[in-house]
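Here the sequence shown is numbered in the working numbering, starting from 909 and rising by one per residue. Quick reminder that beta carbons are idealized off the backbone N, C-alpha and C, glycines included.
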Amino acid sequence: MNLRLKTSLDTESKLNELQTLLQVSSKAAVMRLAIGLSLKIEGDPRKVDNVIIKYDIHKQNGADYNRFTIFGEDEVIYKILMKQHLKTDFDDEVFFPELTNAYIDRGIKELYADYKLTNNRIKYIQGLLKG
């Protein structure tokens, strides 16, 4: 069982900036928002040009995160949501870190782009809450 996930440098940079801009307590909170947003986007987040990109820790040059830090006590809920979203079953090795990283990466890109459009923390959070 993998216990660590390493982000890309781009994701890490955006996590840092979003944590500051949104004034949330931790990067893990931003990751959870990113996963939630990514779950709203159709399709497998690992797919690029219809090819599944595998997680390779050696290509990740961002920060290291503990599994519990990312999910807290809600890991099972996130796993079920991902299974429902992908309409498939997968083992733990696929769920973490591969799928988790892909959902975080896709979600962070969306969060970052969306925030930059509003450039207002209150309006952005209100928009997130409206869905």
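Does the beta-carbon distance from residue i to residue j come in below 8 Å?
i          : j           : result
serine 916 : glycine 970 : yes
Please report the distance separating the alpha-carbon of residue i from that of residue j.
i                 : j                  : result
threonine 1026    : isoleucine 1012    : 21 Å
glutamate 1001    : leucine 911        : 10 Å
glycine 980       : asparagine 974     : 10 Å
leucine 1007      : lysine 914         : 12 Å
aspartate 957     : phenylalanine 1003 : 21 Å
isoleucine 897    : tyrosine 1023      : The structure shown does not extend to residue 897, since the chain spans only 909 to 1039, so no value can be given for it.
alanine 937       : lysine 1031        : 18 Å
phenylalanine 976 : asparagine 1028    : 30 Å
For the putative contact between residue i and residue j, defined by C-beta atoms under 8 Å, what is the C-beta separation to the nearest angstrom?
i              : j             : result
lysine 991     : aspartate 997 : 6 Å
asparagine 865 : tyrosine 963  : Because the chain here runs from 909 to 1039, residue 865 falls outside it and cannot be looked at.
- Inspect the CB distances between the stretch 982-989 and the stretch 923-935 and report whether three or more fall short of 8 Å. no
- Message: If contact is defined by three or more beta carbon pairs under 8 Å, each pair taking one atom from either stretch, is the stretch 1013-1023 in contact with the stretch 944-958?
- Response: Contact holds: three or more Cβ-Cβ distances are below 8 Å.
- Task: Just list the alpha helix (DSSP H) runs in the stretch 912-953, keeping only unbroken ones of 4 residues or longer that don't cross its boundaries, in chain order.
- Result: 917-930 and 935-947
- Message: What ranges does the beta strand (DSSP E) occupy inside the stretch 955-980, keeping only unbroken runs of at least 3 residues that lie completely in it?
- Response: 972-974
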